[in-house]
Amino acid sequence: MALTLKTIRHQVAMGLGIWALSASAYAGWALDNQQSVIDFSSVKNDAVVENHGFKQLSGTIDDKGAVTLTIALDSVDTNIEIRDTRMKEMLFQTKTFPNATISANVDGTILRSLAPGTTRVDEVTFTLDLHGKTQDLPAKVQITGLEGGGLLVNTLAPVMVMANQFDLDGGVTKLKEVAKLKSILLTVPVNVTLVFKPAT
Numbered sequence: 001m002a003l004t005l006k007t008i009r010h011q012v013a014m015g016l017g018i019w020a021l022s023a024s025a026y027a028g029w030a031l032d033n034q035q036s037v038i039d040f041s042s043v044k045n046d047a048v049v050e051n052h053g054f055k056q057l058s059g060t061i062d063d064k065g066a067v068t069l070t071i072a073l074d075s076v077d078t079n080i081e082i083r084d085t086r087m088k089e090m091l092f093q094t095k096t097f098p099n100a101t102i103s104a105n106v107d108g109t110i111l112r113s114l115a116p117g118t119t120r121v122d123e124v125t126f127t128l129d130l131h132g133k134t135q136d137l138p139a140k141v142q143i144t145g146l147e148g149g150g151l152l153v154n155t156l157a158p159v160m161v162m163a164n165q166f167d168l169d170g171g172v173t174k175l176k177e178v179a180k181l182k183s184i185l186l187t188v189p190v191n192v193t194l195v196f197k198p199a200t
């Protein structure tokens, strides 16, 4: 049966629509800052553990599985305003180094295949760029598929960050002195819970 011009146009339009839906389905994921948490602990005087976090996170996972995460260091939250200010100025030096970034690669095909409630555990090596220094660090993460195509990513064990590997030990010393503490440990446990929603 011969195709009319109207039929051809209709088929082309349908094809473009299917392509657009397919492209959007594989556009990747964007971080939900309101539901995501990165917290870290400090140990002072060899015994007192205090938990801190960051209020502003952003990030994406593209369709191939490239992960990029940005932490606004100026959003550090220790529940004590003067300590927040000291960390910004003495430790992170946020006027010079406003952000920390994390990058990693996972299998985008596997991420797309995760049905809601389905989980998988992966050993991931990520790159942390902090205070002008970069280090590759390991993390054991659990990834869970969410309703609507989202993803929940959380660390199963704390990621241990060494302050001296990022030239932060001098800042730690300043914090110790200004607070009149005997010690602050240079090893910092970091826990991560991230929620990603399908990018639009």
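Numbered per UniProt numbering, the sequence shown finishes at 200, counting up by one with no gaps. C-beta atoms are modelled at their ideal positions from N, C-alpha and C, and glycine is treated no differently.
Distance between residue j and residue i (C-alpha atoms, nearest Å)
{"i": "V178", "j": "G171", "result": "11 Å"}
{"i": "E147", "j": "R120", "result": "16 Å"}
{"i": "Q135", "j": "T101", "result": "11 Å"}
{"i": "E123", "j": "T109", "result": "17 Å"}
{"i": "L185", "j": "F92", "result": "16 Å"}
{"i": "I71", "j": "Q142", "result": "21 Å"}
{"i": "A47", "j": "L181", "result": "12 Å"}
{"i": "T118", "j": "E89", "result": "43 Å"}
{"i": "T127", "j": "L57", "result": "16 Å"}
{"i": "D169", "j": "D129", "result": "16 Å"}
{"i": "I82", "j": "S113", "result": "46 Å"}
{"i": "T85", "j": "D107", "result": "39 Å"}
{"i": "F97", "j": "K176", "result": "21 Å"}
{"i": "P138", "j": "K174", "result": "29 Å"}
{"i": "Q34", "j": "Q165", "result": "30 Å"}
{"i": "L5", "j": "V153", "result": "Confidence at L5 is low in this model, with a pLDDT of 48, below 50, so the placement of that residue should be treated as unreliable; the coordinate-derived value is given next. Spanning the two alpha carbons is a distance of roughly 50 Å."}
{"i": "T200", "j": "T60", "result": "12 Å"}
{"i": "M87", "j": "N51", "result": "13 Å"}
Residue i and residue j closer than 8 Å at C-beta
{"i": "I145", "j": "A115", "result": "According to the sequence as given, residue 145 is Gly; it is not Ile. Against a cut-off of 8 Å, the Cβ pair of A115 and G145 comes out as a contact."}
{"i": "P158", "j": "V190", "result": "yes"}
{"i": "V49", "j": "T193", "result": "no"}
{"i": "L73", "j": "L111", "result": "no"}
{"i": "T125", "j": "K140", "result": "no"}
Sequence-distant residues of the same chain with beta carbon closer than 8 Å to residue i, five excluded per side
{"i": "V188", "result": "F40, S41, S42, M160, V161, M162, A163"}
{"i": "N45", "result": "L181, K182, S183"}
{"i": "L167", "result": "Going by the sequence as given, residue 167 is Asp instead of Leu. Within the same chain, D167 has close Cβ partners H131, G132, K133."}
{"i": "G53", "result": "V37, I38, D39, F40, V76, D77"}
{"i": "N99", "result": "T70, I71, A72, L73"}
Contacting residues, own chain, Cβ-Cβ under 7 Å from residue i (five flanking each side not counted)
{"i": "G149", "result": "P198"}
{"i": "K55", "result": "S75, D77"}
Sequence-distant residues of its chain with Cβ nearer than 6 Å to residue i (five each side left out)
{"i": "K95", "result": "none"}
{"i": "N79", "result": "none"}
{"i": "D32", "result": "V195, K197"}
{"i": "D62", "result": "G28"}
Contact with chain D by residue i, beta-carbon distance below 8 Å
{"i": "S113", "result": "Checking the listed chains, one finds no chain D in this structure; it contains a single protein chain."}
Complete runs of the beta strand (DSSP E) confined to the stretch 128 to 156 [at least 3 residues]: Annotation note: the stretch 128 to 156 contains the following uninterrupted beta strand (DSSP E) runs of length 3 or greater, listed N- to C-terminal: 133 to 145, 151 to 155.
Contact between the stretch 26 to 33 and the stretch 49 to 66: three or more CB pairs below 8 Å? Taking 8 Å as the limit for Cβ pairs, the verdict is that the stretch 49 to 66 does touch the stretch 26 to 33.
Pick out the complete beta strand (DSSP E) segments inside the stretch 39 to 90, 3 residues or longer, and give them in chain order. Whole beta strand (DSSP E) segments, 3+ residues: 48 to 54, 57 to 61, 66 to 72.
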